[in-house]
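So the structure is just underneath, and the comments pick up after that.
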Ligand SMILES: Cc1ncc(C[n+]2csc(CCOP(=O)(O)OP(=O)(O)O)c2C)c(N)n1
Ligand SMILES: Cc1ncc(C[n+]2csc(CCOP(=O)(O)OP(=O)(O)O)c2C)c(N)n1
Ligand SMILES: [Mg+2]
Ligand SMILES: [Mg+2]
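Residue numbers (my numbering), protein chains in the order written: chain A, 667 to 997; chain B, 667 to 997; chain C, 14 to 338; chain D, 14 to 338.
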């Protein structure tokens, strides 16, 4: 059964409370536009939308420090954006332009940014987990005080990479924050048909890892859980696993006919939408007026318009540079 | 802390009780001889001895039916023998002779026997688990009533193959009896340094699998646990995981200098030796006299002598047949 | 004679196999409810049920291994690994168990398993989703490797693959699923020989999978220049049908091998080596290779096109051999 | 000039790296307490402690991936995968992450990682423990592949490998660990060029890793027959130093490539292809290959010997090229 929509007071100062809303709107508008551009053939390849799940990246990344590491999946537009990658660079990347955050080499699934320690965009399910353990190992050995946040879907939990990485992280008490985005489906496979144990926290706990569960449609719940977890990881308490219960409003990718779930289920989940439920709460609390909401939304759309213009004006990597960056300098 | 040696009454009719002892002796004598032959260069490659762990294969395989499947590791001489593979064929295999159970192609790590549904002999740690799940799937789909016993060491639990196979078996309720031989070390790596959670039953339980733990040095405890587990698996209760707590008296392989554990620990465990503690119990119970013990031991050594003679007299596969059996008939 | 797509041909073959042999079942990620990532198995779950059209968790190593075990247990599994890119996670089971088992067990245990996977680039899916690693599989004794490049082979190769007593790997190039063509009746169901797709006496173009159409396009352009190219479709990548292409090269005295794999260590290298070993004295010029550039596949369309073999590159290679540049 | 074993040379190189650079650490199964499966890292745990000589669980995929992550995080990890046979479990991380990352990220993220693994057959370890899959790794853009075949290279290759900004894979042939030889001072530390191990003008023998000594033995026997064989040690399997062997073949007009890998799709095929592409008109005879027979490696000694390249087979191949049989 689908839980009631998120509700209750928002325990944050107005500025921060509105920033969370603004960030969710920025992701939403950016992706709605991306889908449109995909239809026009401006964006190609695979495009995995995060629409419906914005509260997870927004609340969780808000709990990180600038020096922390972030490892994401192929559904990472929102994570990149909130990590600080310019929307211009993200859009240019999806256009395959040289001004993109991966020089047009990666596209939607492979956004990267060294400046913000955004380690990408990994299109192999579960592929980011060992990487995260390694980044955390480097930080432990170098005593940097950094933590590594690793995002992955519930489908990745069945992969051997999850098992081996959880054990390594727990065994070596590595500073990793495992953020599992449980949107109930892996492509068309419902979690009941992929996990013998659908209580993912119970699963994670079997590695001796601290676990938490949060309503992934409630940016407040997400942020609180991530903040506490991040603190304990940073304090040296070893890795932490958080299950964010969320839902994907759109198809898995632009190729997905969505034969595996019925519209009613999707509609029911939409009533728990992270943006409208949150803005409603802010309004009842008197922290937000409709005009202010429209203002934030306009700003988001403005940013998207700018990003599209930037991407359109972007240039193509010359074909002669195809092999550029295959090897590092001095190799 | 090392538990007290196995003790207490043996709840079996004399004939069966003595057969368990005889079987442990057969494995022990066969392997002692193998080690000797390795020293003489008659057996080559890797040789992993089961000495000290005989109670596990003896008690567990005794709980299987002839039609069941067995999947083992590279430490499988005892499993093959008790499954019904002739000692002659095992010894000839280790000699690399054509009369060996794998025509001399496999050697110590790759004993196979179709007649007894002994699926081998796998030298990739964890490699047998997916295979076992598949055999069980075939039995489920064909309603054969068979179960598949899969043996592996505690070191394999860290492998992704363990995780993925446990989940598949549990999700599809496959008739697999997972027999984990926890001898505390994976080569030189103690379980504390390879598992964040050293309670292997807790780990297995996280897949929603029924679990049991048994003293692997006590053939009675092993047999009882295996019997009950096998029944529940056969009854359709889904897979079962048993942790057999045991200890390897010899080096990991003939190349192992054993730098990682001290003699004292080994000596302490020897006091829990499966053969002498069990025969002592049988004697106090009046089920066995010293003469009878000597008789069983002589018989075991006799069988070994015969096997060595058979292997010595064995023939070599002609080099022209190198590619024989690469492809099946009609391929 | 019916006009169907490569996708439909594959589906018909799967359906036929499921209908004809109760031991056959299809297993893989999203083959059921989702309808197959490339919609190949669409409708089969509804017709055959979840036991025989079995969705698996994301566990490539285990479900491929389970396919091996099921084959040992008397079934005839068809395992779909979605794409070759993810098959790297299952390689241990394929190489260390499936391929070795029969020989290693002295002939006692065979693995009658069919593994299907999509392969190749061309849809801007970038570096992790565009591999062509057929050559790796074709290197391993104990398995057969097939590359259906036509609607007819998509329809005809599955049955003999299932009848084979050993593991067979079927590579379906992702660019071919929408290919539409006439399906002859009866269609060939051969998994032993290469096929001559076009006759010619001036040069032999050797290709497979997604590159066959590129070789044929190149042959058309060459014809305009008065160069008659013979086009050979390898079809079977292991064991290679060497006779067919060597016989052709003996006649044309020139060869260009086209392969979407990275050049170094490509299957094209093996084909080239065999030509030289067996037809050296018949060659008028060194055989040439047209392969993918040795870079991870880039996302941007113009870069991806530049990285892949193209008809123009094949034409240039041929001109080079004919001393026309 | 000191006489040491290949194993000692590797250990000295590891020790030097650990002493000179605090970012360097060694990680793998049983590299610490056990002393290394082949005793290469024996004593290093005691000297550098468990943080820098780190035993891992049996989790090839994760600890190789962790090595990649640690390299991204500023360390200089040396990951030991014990043997190439088990590296199949880690291939996804090596190919889909380590090799692709720099290019795929537009040059932002490099992976300065060294992966060591034992390779090859010859000790009757049978099918699952005797692979030679160097050619698979040598096929992948974005990584370097080294095959030290001498004590000097065992000593000298690690430092430049660690200095390299990209992933480097070091293949140590299991038969070489006990090889003893003089270590020149200073020793070469090059990871770019092939090496001519013996001069000759009649035929070029090209080998690497465990096959180098077999090629040299063959050259000795050929000398008795009045055939002067040049022996080239590839040393670097990716990128191949083509110039060195092509230059030699241009002079000798004949080549035999020796490779422990299975023949079809072997690295030898690539070498042969390059010879033909670049020196076709200098060849007096088709280049030949001496590889492993295409079967899983059998346990029985006589069968294993029959399956592997041997000096006698190399001599025969050369005789064939010289028209002497
Ligand atoms: C190893 C691997 N197997 C299969 C795929 C194909 N695939 C891409 S996304 C996906 C579903 C993943 O689901 P989940 O982990 O829940 O993440 P979500 O897409 O729901 O965010 C699959 C099967 C892949 N990319 N990698
Ligand atoms: C995938 C893989 N990695 C590493 C090895 C090398 N190896 C062989 S046995 C072994 C230890 C296995 O320990 P465990 O599973 O506890 O079984 P035990 O030997 O103790 O019976 C290792 C690391 C291997 N054979 N396969
Ligand atoms: Mg999901
Ligand atoms: Mg053990």
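Even for Gly, the Cβ is constructed at its ideal location relative to N, Cα and C. No experiment lies behind these values; they were computed from the predicted model shown.
Rounded distance between the beta-carbons of residue j and residue i, thought under 8 Å
i	j	result
residue 739 of chain A	residue 689 of chain A	Between residue 689 of chain A and residue 739 of chain A the Cβ distance is about 19 Å, and since that is not below 8 Å, they are no contact.
residue 770 of chain B	residue 777 of chain B	Rounded, the Cβ-Cβ distance is 11 Å, inconsistent with contact.
residue 985 of chain B	residue 315 of chain D	6 Å
residue 181 of chain D	residue 127 of chain D	5 Å
residue 860 of chain B	residue 161 of chain D	Their Cβ separation, rounded to whole angstroms, is 30 Å, which puts residue 860 of chain B and residue 161 of chain D out of contact at 8 Å.
residue 149 of chain D	residue 149 of chain C	5 Å
Own chain partners of residue i with C-beta closer than 8 Å, once the 5 adjacent residues on each side are dropped
i	result
residue 922 of chain A	853, 854
residue 832 of chain A	795, 844, 870, 873, 875, 905, 907
residue 789 of chain A	712, 739, 740, 775, 776
Among the options, the one whose alpha carbon lies nearest that of residue i
i	options	result
residue 734 of chain A	A:776, A:780, A:983	A:780
residue 323 of chain C	C:138, C:230, C:244, C:154	C:230
residue 994 of chain B	C:307, C:157, C:287, C:75	C:157
residue 675 of chain B	B:886, B:857, B:720, B:805	B:886
residue 691 of chain B	B:940, B:988, B:798, B:996	B:940
residue 673 of chain B	B:944, B:756, B:869	B:944
residue 339 of chain D	D:50, D:148, D:48, D:139	Given that chain D is displayed from residue 14 to residue 338, the structure contains no residue 339 of chain D and the question cannot be resolved.
residue 289 of chain D	D:319, D:98, D:260	D:260
residue 17 of chain D	D:240, D:222, D:51, D:193	D:193
residue 969 of chain B	B:890, B:731, B:699	B:699
residue 697 of chain A	A:881, A:918, A:744, A:816	A:744
residue 695 of chain A	A:972, A:836, A:996, A:987	A:972
Chain B within 7 Å of residue i, Cβ atoms only
i	result
residue 27 of chain D	no
residue 803 of chain A	no
residue 833 of chain A	yes
Test: residue i CB closer than 7 Å to a CB of chain A
i	result
residue 22 of chain C	no
residue 848 of chain B	no
residue 869 of chain B	yes
residue 291 of chain D	no
CB contact check: residue i to chain D, cutoff 7 Å
i	result
residue 131 of chain C	no
residue 177 of chain C	no
residue 141 of chain C	yes
residue 909 of chain B	no
Near ligand 2: residue i beta-carbon under 6 Å from a heavy atom
i	result
residue 65 of chain D	no
residue 932 of chain B	no
Proximity test, residue i beta-carbon vs ligand 1 heavy atom, cut-off 6 Å
i	result
residue 94 of chain D	no
residue 790 of chain A	yes
residue 99 of chain C	yes
residue 924 of chain A	no
residue 853 of chain A	yes
Heavy atom of ligand 3 within 6 Å of residue i beta-carbon
i	result
residue 849 of chain A	yes
residue 120 of chain D	no
CB contact check: residue i to chain C, cutoff 7 Å
i	result
residue 889 of chain A	no
residue 277 of chain D	yes
residue 991 of chain B	yes
Neighbourhood of residue i by C-beta distance below 7 Å, restricted to the same chain and skipping five residues each side
i	result
residue 89 of chain D	34, 36, 37, 125, 175
residue 903 of chain B	876
Heavy atom of ligand 4 within 6 Å of residue i beta-carbon
i	result
residue 821 of chain B	yes
Cut-off 6 Å between Cβ atoms - residues of its own chain near residue i, not counting five sequence neighbours on either side
i	result
residue 144 of chain C	97, 98
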